[in-house]
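Peer 1: Counting from 1, one number per residue, gives the positions in the sequence shown under the numbering used here.
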Amino acid sequence: MFEELKNSIQSLLPGQSTENGATRRTALKTALGVGYAATAMPIMAQTAIQTSTQGLAAGEGIYDMEGFSVPFYYAAPEGKKNLPVILVVQEIFGVHEYIADTCRRFAKAGYLAIAPDLYARQGDASKYTDIGKLIAEVVNKVPDEQVMADLDGAIAWAAENGGNVKKVGITGFCWGGRITWLYAEQSKKVKAGVAWYGRLVGAPSALTPKHPLELAASLKAPVLGLYGGQDGGIPLTTVNEMKDALAAAKGNKAAAASEFVVYPQAPHAFHADYRSSYRKEAAEDGFQRALAWFKAKGVA
1 MFEELKNSIQ
11 SLLPGQSTEN
21 GATRRTALKT
31 ALGVGYAATA
41 MPIMAQTAIQ
51 TSTQGLAAGE
61 GIYDMEGFSV
71 PFYYAAPEGK
81 KNLPVILVVQ
91 EIFGVHEYIA
101 DTCRRFAKAG
111 YLAIAPDLYA
121 RQGDASKYTD
131 IGKLIAEVVN
141 KVPDEQVMAD
151 LDGAIAWAAE
161 NGGNVKKVGI
171 TGFCWGGRIT
181 WLYAEQSKKV
191 KAGVAWYGRL
201 VGAPSALTPK
211 HPLELAASLK
221 APVLGLYGGQ
231 DGGIPLTTVN
241 EMKDALAAAK
251 GNKAAAASEF
261 VVYPQAPHAF
271 HADYRSSYRK
281 EAAEDGFQRA
291 LAWFKAKGVA
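Next comes the structure, spelled out in structure tokens:
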């Protein structure tokens with residue numbers, strides 16, 4: 001099920017060719033204090049957008065989930081309490097500087113933003129130099145059930161650290177976009193979600209038994225889906241299938257309130273400002289829509 005997504009991501013990764021055919025942009029600064037790791041996956045050390053920590057409390061931490069220490073990055077307005085909470089769910093490459101910067105962007109807008117490392121039990125994404133191996137050895141081994149529980153743990157941490165857990169939203173990118181849909185169906189604490197180009201369909205497996213399309217009728221929180229019209233891994237036919245499933249969910253207020261925005265010329269990962277897939281206009285519009293969506297749904 002990941003093959004189309006893998007190919008889509010691979011085609012969008014930036015690189016600089018040399019005479020011997022090598023392509024490298026080699027530095028990745030993780031958000032969890034691991035520092036720079038050499039990688040053949042061309043993730044740049046710096047994002048196009050660099051959000052300052054001035055006025056913010058930001059950094060790394062851990063919370064306990066059934067005896068396992070889940071690492072996370074967080075950012076929040078300094079000295080503030082009773083803050084609305086945004087769970088920021090990583091893209092396929094894990095929690096790195098781009099995800100950390102996204103947390104800081106939400107913090108600047110008045111949120112306590114938390115990005116837990118949802119691969120932590122399976123491996124360290126920053127150590128991989130090949131997308132195929134990352135998917136096979138880490139991503140494909142992450143159970144949805146584990147992810148849902150770890151997100152619950154992030155909310156519990158927020159409750160004890162200045163967050164108002166009556167005002168919780170979730171947003172995620174790529175791999176995290178799918179998780180956003182799933183958590184909006186599972187959690188009774190989330191009031192709204194924003195899913196950036198997350199897969200909507202797929203073959204069931206022991207670790208990923210259901211996908212968003214199958215859960216449309218039981219959503220507990222409305223989701224705004226932000227998708228690219230030129231996404232090679234997520235055909236618009238699947239977006240239309242999800243729209244139909246939401247419309248058919250009679251009596252489900254969250255399904256009825258969910259919406260999609262498709263950017264016709266945008267590829268997959270158009271918000272990822274460290275990659276060649278980045279589309280500034282779509283990314284900025286999408287982020288403003290996300291903020292407005294959370295505010296309208298009571299997450300502010």
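Cβ atoms here follow ideal geometry from the backbone N, Cα and C, with glycine treated the same way.
1) Could you give the residue range of the alpha helix (DSSP H) that holds residue 147?
2) Residue 267: buried (16+ other C-beta within 10 angstroms of its C-beta) or exposed?
3) Any idea what DSSP makes of residue 66, helix, strand or coil?
4) Does residue 108 come out as helix, strand or coil in the three-state DSSP assignment?
5) In terms of residue numbering, what span does the alpha helix (DSSP H) encompassing residue 164 cover?
6) Buried or exposed: where does residue 220 fall if 16 or more other Cβ atoms within 10 Å of its Cβ makes it buried?
7) Can we say the stretch 213 to 232 touches the stretch 252 to 265, given the rule of at least three CB pairs closer than 8 Å?
8) Where does residue 247 land, buried or exposed, given buried means 16+ other C-beta within 10 angstroms?
9) Can you tell me the Cα-Cα spacing of residue 101 and residue 278, whole angstroms?
10) Tell me which residues share the same chain as residue 192 and place their Cβ nearer than 7 Å to its Cβ, disregarding the 5 neighbours each side in the sequence.
11) Hey, which unbroken runs of the alpha helix (DSSP H) at 4 residues or more fall wholly within the stretch 167 to 239?
12) Let me check one thing: in DSSP terms, what residues is residue 268 bridge-paired to?
13) Taking the alpha carbon of residue 205 as the reference point, which residue from 121, 144, 230, 262 has its own alpha carbon closest?
14) In this structure, does DSSP put residue 136 in helix, strand or coil?
15) Exposed or buried, what is residue 30 when buried is set at 16 or more other beta-carbons lying within 10 Å of its beta-carbon?
16) Check whether the stretch 152 to 167 and the stretch 125 to 138 touch, using three or more Cβ-Cβ pairs below 8 Å as the test.
Peer 2: Based on what the coordinates show:
1) In the DSSP annotation of this structure, the continuous segment of the alpha helix (DSSP H) that includes residue 147 starts and ends at 144 to 159.
2) By the neighbour-count criterion, in which a residue is buried when 16 or more other Cβ atoms sit within 10 angstroms of its Cβ, residue 267 is buried.
3) Under the three-state reduction of DSSP output, residue 66 falls in the coil class, being neither helix nor strand.
4) Three-state result, residue 108: helix.
5) Under the DSSP assignment, residue 164 falls outside any alpha helix (DSSP H), being part of the beta strand (DSSP E) whose first and last residues are 163 to 173.
6) Residue 220 sits buried, since 16 or more C-beta atoms from the chains shown fall within 10 Å of its C-beta.
7) Inter-segment contact for the stretch 213 to 232 and the stretch 252 to 265 is present: three or more beta-carbon pairs are separated by less than 8 Å.
8) So residue 247 counts as exposed.
9) Distance between the alpha carbons of residue 101 and residue 278 is about 15 Å.
10) Hits under 7 Å: 169, 221, 222, 293, 294, 297, 299.
11) The stretch 167 to 239 contains these whole alpha helix (DSSP H) runs: 175 to 186, 212 to 215.
12) Beta-bridge annotation (DSSP): residue 268 is not paired with any residue.
13) Per the Cα distances, 144.
14) Assigned with DSSP and collapsed to three states, residue 136 falls in helix.
15) Residue placement at residue 30 is flagged as unreliable, the pLDDT there being 35, under the threshold of 50; the coordinate-derived value follows with that caveat. Residue 30 comes out buried.
16) In the pairwise beta carbon analysis, the stretch 152 to 167 is classified as not touching the stretch 125 to 138: fewer than three pairs are separated by under 8 Å.
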